[in-house]
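Undergrad:
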Amino acid sequence: MVGANVDITVHSMTTVIHGLCKGGNVEKAKDLMEEMVSKGIEPKLLTYNMLINGYCINGTVDKAFKMKAIMEQKGFEPNVFTYNIIAGGLCKLKRYEEAKMWSFAVIKRGFTHDVVTFSTLVNILSKTGNLEKAKLLFESMEKWGVRPNIVTYNTLIDGYRKKGNLEETKRLFEEMEKGGVRPDTTTYNTLIDEYCKKGKMEEAHKLLGHMEAKGVRVDTVTYTALIDGYCKEENLEEANRLSEEMEKRGVRYNTFTYSSLIDGYCKKVKMEEAHKRMGHMEARGLRPDTVIYNSLIDGYCKKGNLEEAKMIFDEMENRGVRYSIVTYSTLIDGYCKIGKMEEAHKLRGHMEARGVKPNIVTYNALIDGYWNLEEAKLLFEGMENKGAIPDTITYSILIDGYCKKGNMEEAHKLKGLMEVWEVGVDTVTYNALIDGYCKKGT
Numbered sequence: 001m002v003g004a005n006v007d008i009t010v011h012s013m014t015t016v017i018h019g020l021c022k023g024g025n026v027e028k029a030k031d032l033m034e035e036m037v038s039k040g041i042e043p044k045l046l047t048y049n050m051l052i053n054g055y056c057i058n059g060t061v062d063k064a065f066k067m068k069a070i071m072e073q074k075g076f077e078p079n080v081f082t083y084n085i086i087a088g089g090l091c092k093l094k095r096y097e098e099a100k101m102w103s104f105a106v107i108k109r110g111f112t113h114d115v116v117t118f119s120t121l122v123n124i125l126s127k128t129g130n131l132e133k134a135k136l137l138f139e140s141m142e143k144w145g146v147r148p149n150i151v152t153y154n155t156l157i158d159g160y161r162k163k164g165n166l167e168e169t170k171r172l173f174e175e176m177e178k179g180g181v182r183p184d185t186t187t188y189n190t191l192i193d194e195y196c197k198k199g200k201m202e203e204a205h206k207l208l209g210h211m212e213a214k215g216v217r218v219d220t221v222t223y224t225a226l227i228d229g230y231c232k233e234e235n236l237e238e239a240n241r242l243s244e245e246m247e248k249r250g251v252r253y254n255t256f257t258y259s260s261l262i263d264g265y266c267k268k269v270k271m272e273e274a275h276k277r278m279g280h281m282e283a284r285g286l287r288p289d290t291v292i293y294n295s296l297i298d299g300y301c302k303k304g305n306l307e308e309a310k311m312i313f314d315e316m317e318n319r320g321v322r323y324s325i326v327t328y329s330t331l332i333d334g335y336c337k338i339g340k341m342e343e344a345h346k347l348r349g350h351m352e353a354r355g356v357k358p359n360i361v362t363y364n365a366l367i368d369g370y371w372n373l374e375e376a377k378l379l380f381e382g383m384e385n386k387g388a389i390p391d392t393i394t395y396s397i398l399i400d401g402y403c404k405k406g407n408m409e410e411a412h413k414l415k416g417l418m419e420v421w422e423v424g425v426d427t428v429t430y431n432a433l434i435d436g437y438c439k440k441g442t
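Quick note: the sequence shown, position 390, residue 390 per the UniProt record's numbering, numbers continuous.
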């Protein structure tokens, strides 16, 4: 009877430890286990695995290793769950090579292969650029008597999405449905996001309908992917309709949702609506980030309102929002387009003083802004020393400038340089040259 009471106590304590670990209170769970030991109640292998899992979820895998060592000192041999837990924890920390060793140890030690082991290995291979090996392992699962589950499929689908292989992601999606594995929110979101990124909005919307018909939960990620896709297509009507649908369904906006909508308005130079969205965002306790401010600056530059664009730029500093290369390049381009080269150069000095190096976009904006071709050429010649390699746009800007001035010899020299450095000559370059010759009457 005493033994039975001890078993009940171990079971009760293990249940409490499980609850603490699940709630992220791993240290409290560890203290409770130590209290068990001090009272002569020996924890079971399951108890140790729960603590190891708790540490792995918290991202403290090194503490999980220490717990495993304590467990072994107490005479417990790690089982398949121990290995899978640690491999999964290492994956979360992107320590893939170590994770691979732990997963393969399951096979080497002769443990029964389970879906968690295979899913972890598929994830590791996929994340380390071995997608084809991941696929081969996935296809061999049936031979080992293990059926892929939702995690295995989602891992492989995400791997192919990151490779931009939409056909394979679609094939896997169809295969899982036929095989009786029900796609979940993550599966649909992965495919919808990829369709949206490729501008296939009709297919993305069909998937949303399919998802709803199957009773799969539509979340913030689903709506944000679609809203972003429609905003990039400049279909603000559909983007707004979806944002209203989100509100009605009680699906919360996140920073990315607002960022997509604000960028969509700014691209259409609807600055009042963009500011309304930003106000709505802040009222909900979300802070605008660099990407949102960049969109606003771009919108005002497109409008030709550089005064307002500069005010947004200054607001970023006042609110502690970091400037990016895009922030500087957008504002510099805005100044260059209205011929305010002094302000553009001041801003370039500001960015370099902050340790932000001008990139090809910055240089192209400055070169395009110069009316004096000699100054533009000097900037062009100093680009490489600053780590910016001239591209097709750089050459085309200068060639167009020389052609407009009737200096066809200099224009042809630049075209020759493009060929030497294997820089692609495009339609804009040829059109500039043709126009130049037409004006000269040759």
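Heads up, the beta-carbon is just placed ideally off N, CA and C, and yes, glycines get one too. None of these values were measured; they are calculated from a predicted model.
Taking 7 Å as the cut-off, decide whether the C-beta atoms of glutamate 360 and isoleucine 397 are in contact.
TA: Before going further, note that residue 360 is isoleucine rather than glutamate in the sequence given. No, they are not a contact pair.
Undergrad: For alanine 365, collect the residues of the same chain with a Cβ closer than 7 Å to its Cβ; drop the 5 residues on either side in sequence, then sort them by chain order.
TA: Cβ neighbours of alanine 365 beyond the five flanking positions: Ser329, Ile332, Asp333, Cys336.
Undergrad: Beta-carbon separation of valine 146 and asparagine 189 under 7 Å?
TA: Not closer than 7 Å, so no.
Undergrad: What residue from Glu203, Lys357, Tyr195, Asp158 has the CA that sits closest to residue 447's CA?
TA: Residue 447 cannot be examined here, being either before or after the span of the chain that is shown, 1 to 442.
Undergrad: Given this structure, state the Cα-to-Cα distance separating glutamate 34 from lysine 28, to the nearest angstrom.
TA: 10 Å
Undergrad: Whole angstroms is fine: what's the gap from valine 425's alpha carbon to glutamate 410's?
TA: 16 Å
Undergrad: Exposed or buried, leucine 51, counting other C-beta atoms within 10 Å across all chains shown (16 or more means buried)?
TA: With 16 or more other CB atoms across the displayed protein chains lying within 10 angstroms of its CB, leucine 51 is buried.
Undergrad: Buried or exposed: which applies to alanine 87, given that a residue is buried once 16 or more other Cβ atoms fall within 10 Å of its Cβ?
TA: buried
Undergrad: Would you mind sorting tyrosine 402 into buried or exposed? The rule is 16 or more other CB atoms within 10 Å of its CB.
TA: buried
Undergrad: In whole angstroms, what separates the C-alpha of glutamate 77 from that of glycine 129?
TA: 33 Å
Undergrad: Which one of Asp193, Val151, Asp184, Ile41 has the shortest CA to CA distance from valine 165?
TA: Residue 165 is actually asparagine in this sequence, not valine. Checked all of Asp193, Val151, Asp184, Ile41; the closest Cα to asparagine 165 is Asp193.
Undergrad: Tell me whether tryptophan 421 sits in a helix, a strand or coil according to DSSP, three-state version.
TA: coil
Undergrad: By DSSP, does tyrosine 323 sit in helix, in strand, or in coil?
TA: coil
Undergrad: So, are the CB atoms of tyrosine 363 and methionine 341 less than 7 Å apart?
TA: In this structure, tyrosine 363 keeps its C-beta atom at 7 Å or more from the C-beta atom of methionine 341.
Undergrad: Jot down the residue ranges of each uninterrupted beta strand (DSSP E) in the segment 353-408, minimum 3 residues, whole runs only, in chain order.
TA: none
Undergrad: What are the start and end residues of the alpha helix (DSSP H) that includes asparagine 431?
TA: 427-440 is the span of the alpha helix (DSSP H), which, as asked, contains asparagine 431.
Undergrad: From this set, Asn235, Asp263, Gly229, Arg284, which residue's C-alpha is nearest glutamate 247's C-alpha?
TA: Arg284
Undergrad: How would you write the range of the alpha helix (DSSP H) that arginine 217 sits in, first residue to last?
TA: Segment: none, arginine 217 is in no alpha helix (DSSP H) and carries neither H nor E.
Undergrad: By alpha-carbon positions, which one of Ile434, Lys143, Gly24, Thr152 ends up nearest to serine 126?
TA: Thr152
Undergrad: In terms of residue numbering, what span does the alpha helix (DSSP H) encompassing methionine 71 cover?
TA: Here the alpha helix (DSSP H) through methionine 71 covers 61-73.
Undergrad: Which of the three DSSP states, helix, strand or coil, is assigned to valine 2?
TA: Reliability of the predicted coordinates at valine 2 is poor, the pLDDT of 38 falling under 50, and the value obtained from them is presented with this limitation in mind. Looking at valine 2 - three-state DSSP - the assignment turns out to be helix.
Undergrad: Exposed or buried, what is tyrosine 430 when buried is set at 16 or more other beta-carbons lying within 10 Å of its beta-carbon?
TA: Burial call: exposed.
Undergrad: Could you check where the alpha helix (DSSP H) with isoleucine 149 kicks off and where it finishes?
TA: In the sequence under discussion, the amino acid at residue 149 is asparagine, which differs from the isoleucine named in the question. Premise fails: asparagine 149 is in no alpha helix (DSSP H) and is neither H nor E.
Undergrad: Looking at threonine 255: is its Cβ nearer than 7 Å to the Cβ of leucine 286?
TA: yes
Undergrad: I need the DSSP call for threonine 128, collapsed to helix, strand or coil.
TA: coil
Undergrad: If we call anything under 7 Å between Cβ atoms a contact, is aspartate 228 one with serine 260?
TA: Between aspartate 228 and serine 260, the C-beta spacing is below 7 Å.
Undergrad: Please report the residue range of the alpha helix (DSSP H) in which glutamate 247 lies.
TA: 236-249
Undergrad: Going by C-alpha distance, which of Gly59, Tyr370, Val115 is nearest phenylalanine 81?
TA: Val115
Undergrad: Residues in its own chain within less than 8 Å of tyrosine 223 by CB, not counting five upstream and five downstream?
TA: Leu242, Ser243, Glu245, Met246, Val251, Thr257
Undergrad: Would you kindly work out how many angstroms separate the C-alpha atoms of methionine 71 and glutamate 177, rounded to a whole number?
TA: The straight-line gap from Cα to Cα measures roughly 41 Å.
Undergrad: Span of the alpha helix (DSSP H) holding glycine 299?
TA: Annotation for glycine 299: the continuous alpha helix (DSSP H) segment containing it runs 290-303.
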